[in-house]
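Enquirer: Residue numbers (the numbering used here): 5 to 240. Have a look at this one before I ask anything.
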């Protein structure tokens, strides 16, 4: 009970997310511009993984059996998350919907945690709710069916949180790993959004290093580490 009371804002954000994910709770699959595209891609990834190809650069069953380099260019992180749901026993459609739902819930949670480092809890709660309920999010998921894009909204506040902690703490600790891994995951999740976000991140890091000059080396090292961890995807 004390833990619930201590984290009542987080709990409330999770409760509020139910309204955002209501269309995902229906037994059928919602209609979007993508139709069943995400489901087909998940099936292709699942087949490749079960064949022993953990990172398939070529998907042989696409385009009428001619195949194509889908996951070589189309960042696949979200599909790996959906595959984890599928391996627990969920069907392909339910796995896709579970991943969409996780993107809404976790994005609000992580935005609250990040914002709490810059403002009071009330303001952070509002930030988390507004971020989760941004109209663009709903258009992205329920109109365009942008599956890989949906999951990127988890990593944006997580990256900002990690680099804020890296700059404000004296020693290199778990936040250094969190920043590097989150940046790598963003690139692996949606390379186009990663490019757009880079400009904002550079400005934010310049602000942090101006505010905390001693953090320059740690911050730069975390960025380099993140780029290095994701290099297997973006260099080839």
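Glycine included, every Cβ here is placed at the ideal spot set by N, Cα and C. Fair warning: this is a prediction, and the values are worked out from it, not measured in the lab.
Which ranges would you report for the alpha helix (DSSP H) in the stretch 36-93 if only whole runs of at least 4 residues count?
Expert: List check, alpha helix (DSSP H) in window: 41-54, 74-77 and 81-91.
Enquirer: May I ask you to verify whether the stretch 136-144 touches the stretch 62-82, counting CB pairs closer than 8 Å and requiring at least 3?
Expert: The answer is no - the stretch 62-82 does not touch the stretch 136-144, with fewer than three Cβ pairs under 8 Å.
Enquirer: Helix, strand or coil for residue 122? Go by DSSP, reduced to three states.
Expert: Residue 122: coil per DSSP, three-state reduction.
Enquirer: Return the chain-ordered list of same chain residues with a C-beta closer than 7 Å to the C-beta of residue 158, the five sequence neighbours on each side being excluded.
Expert: If we look at residue 158 and ignore the five residues flanking it on each side, its Cβ neighbours are 107, 110, 111 and 114.
Enquirer: Is the distance from the Cβ of residue 208 to the Cβ of residue 167 below 9 Å?
Expert: Contact: yes.
Enquirer: Beta carbon of residue 49, beta carbon of residue 80: below 9 Å?
Expert: Yes. Within cutoff.
Enquirer: Does the beta-carbon of residue 163 have 16 or more other beta-carbons within 10 angstroms, so that it is buried, or is it exposed?
Expert: So residue 163 counts as buried.
Enquirer: Check each candidate in 57, 204, 221 and 39 and name the one with the smallest Cα separation from residue 160.
Expert: Minimum Cα distance to residue 160 is reached at 204.
Enquirer: What's the C-alpha gap between residue 192 and residue 155?
Expert: About 11 Å.
Enquirer: Assuming residue 190 and residue 116 form a contact by the criterion Cβ under 8 Å, report the distance between their Cβ atoms to the nearest whole angstrom.
Expert: In fact, because the Cβ distance is near 19 Å, the residues do not count as touching under 8 Å.
Enquirer: Taking the Cβ atom as the reference point for each residue, do residue 101 and residue 33 lie within a distance shorter than 9 Å?
Expert: Yes; because the gap between Cβ atoms is below 9 Å, this pair is in contact.
Enquirer: Taking C-beta to C-beta, are residue 83 and residue 152 nearer than 9 Å?
Expert: Cβ atoms of residue 83 and residue 152: closer than 9 Å.
Enquirer: Do residue 42 and residue 52 have their C-beta atoms closer together than 9 Å?
Expert: No, the pair does not count as a contact, with Cβ atoms beyond the cut-off.
Enquirer: Am I right that residue 233 and residue 185 are in contact with their C-beta atoms under 8 Å? What's the rounded C-beta distance?
Expert: That pair is a contact at about 7 Å.
Enquirer: What number of angstroms, rounded off, separates the C-alpha of residue 213 from the C-alpha of residue 183?
Expert: Roughly 15 Å separates the two Cα atoms.
Enquirer: Only counting the same chain, and skipping five residues up and downstream in sequence, which positions put a Cβ closer than 7 Å to that of residue 9?
Expert: For residue 9, the predicted model reports a pLDDT of 48, less than 50, meaning its position is unreliable and no value from the coordinates is stated.
Enquirer: So residue 170 packs on residue 20, CB below 8 Å; how close in whole Å?
Expert: No, residue 170 and residue 20 are not in contact; Cβ-Cβ is about 30 Å, not under 8 Å.
Enquirer: How should residue 136 be labelled, buried or exposed, when 16 other C-beta atoms within 10 angstroms of its C-beta is the threshold for buried?
Expert: By the 10 Å Cβ count, residue 136 comes out buried.
Enquirer: On the premise that residue 187 lies in contact with residue 227, defined as a C-beta separation below 8 Å, what is that separation, rounded to the nearest angstrom?
Expert: With a Cβ gap of about 7 Å, residue 227 and residue 187 count as contacting.
Enquirer: How is residue 24 classed by DSSP in three states: helix, strand or coil?
Expert: Residue state, collapsed to three classes: helix.
Enquirer: Pick helix, strand or coil for residue 235, following the three-state DSSP scheme.
Expert: Correct three-state label for residue 235: helix.
Enquirer: Within 10 angstroms of the Cβ of residue 179, are there 16 or more other Cβ atoms? Answer buried if so, exposed if not.
Expert: Burial call: buried.
Enquirer: Note the first and the last residue of the continuous alpha helix (DSSP H) segment covering residue 206.
Expert: Where residue 206 is concerned, the enclosing alpha helix (DSSP H) stretches over 195-215.
Enquirer: Near residue 222, what residues of its chain come up, given a Cβ to Cβ distance below 8 Å and the 5 sequence neighbours on each side ignored?
Expert: For residue 222, where only same-chain residues beyond five positions count, the Cβ hits under 8 Å are 170, 171, 176 and 180.
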